[in-house]
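Below is one structure, written out as structure tokens; comments come after it.
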Amino acid sequence: AQSVTQPDIHITVSEGASLELRCNYSYGATPYLFWYVQSPGQGLQLLLKYFSGDTLVQGIKGFEAEFKRSQSSFNLRKPSVHWSDAAEYFCAVGAGDSSASKIIFGSGTRLSIRP
Amino acid sequence: NAGVTQTPKFQVLKTGQSMTLQCAQDMNHEYMSWYRQDPGMGLRLIHYSVGAGITDQGEVPNGYNVSRSTTEDFPLRLLSAAPSQTSVYFCASAGLAGGDTGELFFGEGSRLTVL
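Protein chains in written order, with the numbering used here: chain V, 4 to 118; chain C, 36 to 150.
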């Protein structure tokens with residue numbers, strides 16, 4: 004069975020600073036990997052996904068993530084954060100025959116932005 | 036386009052009562068799922084379905100039943116509510132056909148309180 008670990012519960016960065024959110028997964032085969040964002044009181048929105056091919060994937064809102072098989076990681080990055088990026092971020096891993104089969108989420112990282 | 040619709044948005048139950056959370060999607064998605072979200076624990080998968088007549092257990096299935104009689108609907112039943120089931124519940128769907136991205140589309144959530 005797959006699992007996801009997000010080791011950072013809460014991160015605070017200054018506006019304009021760079022950001023990296025960590026995600027480690029456990030799965031025996033090639034995983035399908037996702038990052039979602041949840042603003043307060045809202046549902047979840049997909050930021051980006053990795054299925055195969057280029058290990059550096061670009062997403063919406065200027066985010067990118069890199070799949071590193073050797074480290075079982077899929078860290079999310081942004082070169083310069085904006086106050087509107089304050090939200091909770093979830094890494095997720097999918098497995099099975101389909102990319103949408105049994106998607107498991109990590110516990111989330113809450114991002115705060117310092118003015 | 037309604038997307039994923041969950042009802043009710045809020046519900047208060049007494050211990051031992053039963054209820055059904057409704058979920059409907061109008062995107063002809065094969066995959067539907069239920070998650071619960073609790074502080075510090077992210078989203079945990081309760082049950083999921085990859086098509087009408089097919090359901091399977093997720094990470095935390097105990098105390099919940101599901102059925103999938105049509106492609107559009109995926110109700111979640113609490114047979115005998117317990118305070119530990121106080122949570123926010125999200126229904127999510129995704130397409131599985133070729134070309135679909137595996138992106139989960141979420142409902143707005145249902146906040147359940149069990150007294």
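Built from N, CA and C at the ideal position, the CB exists for glycine as well.
By the neighbour-count criterion, in which 16 or more other beta carbons inside 10 Å mark a residue as buried, residue 91 of chain V falls on the buried side.
Within chain V, the residues 110 and 111 have their CB atoms less than 9 Å from the CB of residue 76 of chain C, given in chain order. Along the segment 27-73 of chain V, the beta strand (DSSP E) occurs as fully enclosed runs of 3 or more residues at 27-29, 35-41, 47-53, 59-61 and 67-71, listed in sequence order. The closest CA to that of residue 96 of chain V, considering only V:52, V:13 and V:60, is found on V:52. Against chain V, the CB of residue 85 of chain C has a partner CB under 8 Å away; the residue lies at that interface. Against chain C, the beta carbon of residue 56 of chain V has no neighbour under 9 Å; the closest one sits roughly 13 Å away. An exposed status is given to residue 118 of chain V, since fewer than 16 other beta-carbon atoms sit within 10 Å of its beta-carbon. Contacts with chain C at 8 Å (Cβ-Cβ) include residue 97 of chain V. Using a Cβ-Cβ distance cut-off of 8 Å, the segment 68-88 of chain C and the segment 104-117 of chain V are in contact, since at least three pairs of beta carbons, one from each stretch, lie closer than that value.
By the Cβ-count criterion, residue 114 of chain V is buried, with 16 or more other Cβ atoms from all chains shown falling within 10 Å of its own Cβ.
Take residue 20 of chain V, set aside five residues on each side of it, and the residues of its chain with a beta-carbon closer than 8 Å to its own are 83 and 84, in chain order.
Under the Cβ criterion (8 Å, minimum of three pairs), the segment 137-148 of chain C counts as touching the segment 112-124 of chain C.
By DSSP's assignment, residue 91 of chain C forms a beta bridge with C:83. Remark: C-beta atoms of residue 22 of chain V and residue 38 of chain V do not approach each other more closely than 8 Å. Within chain C, the residues 125, 141, 142, 143 and 144 have their CB atoms less than 8 Å from the CB of residue 46 of chain V, given in chain order. Boundaries of the beta strand (DSSP E) harbouring residue 6 of chain V: 6-8, taken from the DSSP string. Taking C-beta atoms as the reference points, residue 92 of chain C and residue 82 of chain C count as a pair closer than 8 Å.
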